[in-house]
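A.B. asks: In numbering that gives the first Met the number 0, the protein residues as written are 0 to 141.
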Amino acid sequence: MAYKGQPVPSSVHNIGYGKISDGKSVRVTVPGGTTIEAGKFYLLDGFLGCAQSVQTGPGQIAEVILNIEQAEYDTNQIDTDQNQNFTKGTLIYWDDANKWFTGNAQRNAGGNAVPNRLAGRVTQAKDSKGVICFILGPQVVV
Numbered sequence: 000m001a002y003k004g005q006p007v008p009s010s011v012h013n014i015g016y017g018k019i020s021d022g023k024s025v026r027v028t029v030p031g032g033t034t035i036e037a038g039k040f041y042l043l044d045g046f047l048g049c050a051q052s053v054q055t056g057p058g059q060i061a062e063v064i065l066n067i068e069q070a071e072y073d074t075n076q077i078d079t080d081q082n083q084n085f086t087k088g089t090l091i092y093w094d095d096a097n098k099w100f101t102g103n104a105q106r107n108a109g110g111n112a113v114p115n116r117l118a119g120r121v122t123q124a125k126d127s128k129g130v131i132c133f134i135l136g137p138q139v140v141v
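(1) How is the beta strand (DSSP E) around N66 delimited, first residue to last?
(2) Can you tell me the Cβ-Cβ gap for A118 and G129, rounded? I've got them flagged as a contact below 8 Å.
(3) Who are S24's beta bridge partners in DSSP?
(4) Pull up the distance between the alpha-carbon of G32 and that of S10, whole angstroms please.
(5) Give the C-beta separation of Q54 and T34 to the nearest angstrom, bearing in mind that I take them to be a contact with Cβ-Cβ under 8 Å.
(6) In chain order, what residues of the same chain lie with their CB nearer than 6 Å to the CB of N82, ignoring the 5 residues before and after it?
(7) If I measure Cβ to Cβ from F46 and keep anything under 8 Å in the same chain, skipping five residues before and after, which residues do I get?
(8) Assuming F40 and Q76 form a contact by the criterion Cβ under 8 Å, report the distance between their Cβ atoms to the nearest whole angstrom.
(9) If you run the structure through DSSP and keep just helix, strand and coil, what is G108?
(10) Hey, out of T101, V63, D126 and S127, whose CA is closest to R116's CA?
(11) Could you check what DSSP says for F29 in three-state terms: helix, strand or coil?
(12) Residues in its own chain within less than 8 Å of V29 by CB, not counting five upstream and five downstream?
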């Protein structure tokens, strides 16, 4: 930083004024009549992340902070219907209808194939308690 009497002339260039945060979390809207449990994953306002607790009544709207950091997480919020192994390296998808992670890129909804959102990659296979570790992928979904 430049100061008066500095032996070498210098200039101060302030950059980064547009930065608001490190992008590790985002504030999203919770629709009315919804219960959000801390530590569980949700898809809200187009963002998939790990939430804090909040509960809204009918017609009530609230906000919650979603942790969307591209980091390693553990969860038991996985597809139990298909008896999937979730082995290390498996791509996982978010099935928003069932609110869980699955190994299936799409699901059948009333006879129609509905795409699930790519969520990340398994880093530790499903254990005996039905818990996996995975790296949450980037939030940019095409």
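From the three backbone atoms N, C-alpha and C, an ideal C-beta is built for every residue, glycine too.
C.D. replies: The short version:
(1) As a working note, residue 66 is residue 67 in the sequence shown. Taken as a continuous stretch (DSSP letters only), the beta strand (DSSP E) holding N66 covers A61 to N66.
(2) The residue you call residue 118 lines up with position 119 of the sequence shown. The residue you call residue 129 lines up with position 130 of the sequence shown. Approximately 17 Å separates the beta-carbon atoms of A118 and G129; this is outside 8 Å, ruling out the contact.
(3) Translated into the one-based positions of the sequence shown, residue 24 becomes position 25. In the DSSP output, where bridge partners are listed per residue, S24 has N66.
(4) Within the sequence shown, numbered from 1, the residue matching residue 32 stands at position 33. Within the sequence shown, numbered from 1, the residue matching residue 10 stands at position 11. Straight-line Cα distance between these residues: approximately 55 Å.
(5) Here the question's residue 54 lines up with position 55 in the sequence shown. Here the question's residue 34 lines up with position 35 in the sequence shown. Contact between Q54 and T34 holds: CB atoms are separated by about 5 Å, below the 8 Å threshold.
(6) Position 83 of the sequence shown, counted from the start, is the residue given in the question as residue 82. Taken in chain order, the list of residues that qualify is empty.
(7) Position 47 of the sequence shown, counted from the start, is the residue given in the question as residue 46. Cβ neighbours of F46 beyond the five flanking positions: V25, V27, L65, I67 and Q138.
(8) Here residue 40 refers to the residue found at position 41 when the sequence shown is read from its first residue. Here residue 76 refers to the residue found at position 77 when the sequence shown is read from its first residue. That belief holds up - the Cβ atoms of F40 and Q76 are roughly 6 Å apart, short of 8 Å.
(9) Here the question's residue 108 lines up with position 109 in the sequence shown. It should be pointed out that residue 108 corresponds to Ala in this sequence rather than to Gly. A108: strand per DSSP, three-state reduction.
(10) Against the sequence shown, residue 116 aligns to sequence position 117. It is T101.
(11) Indexing the sequence shown from 1 puts residue 29 at position 30. Position check: residue 29 holds Val in this sequence, whereas Phe was assumed. Three-state DSSP puts V29 in a strand.
(12) Counted from its first residue, the sequence shown places residue 29 at position 30. Excluding residues within five positions, the ones whose Cβ falls inside 8 Å are I35, L43, V53, T55, I60, A61, E62 and V63.
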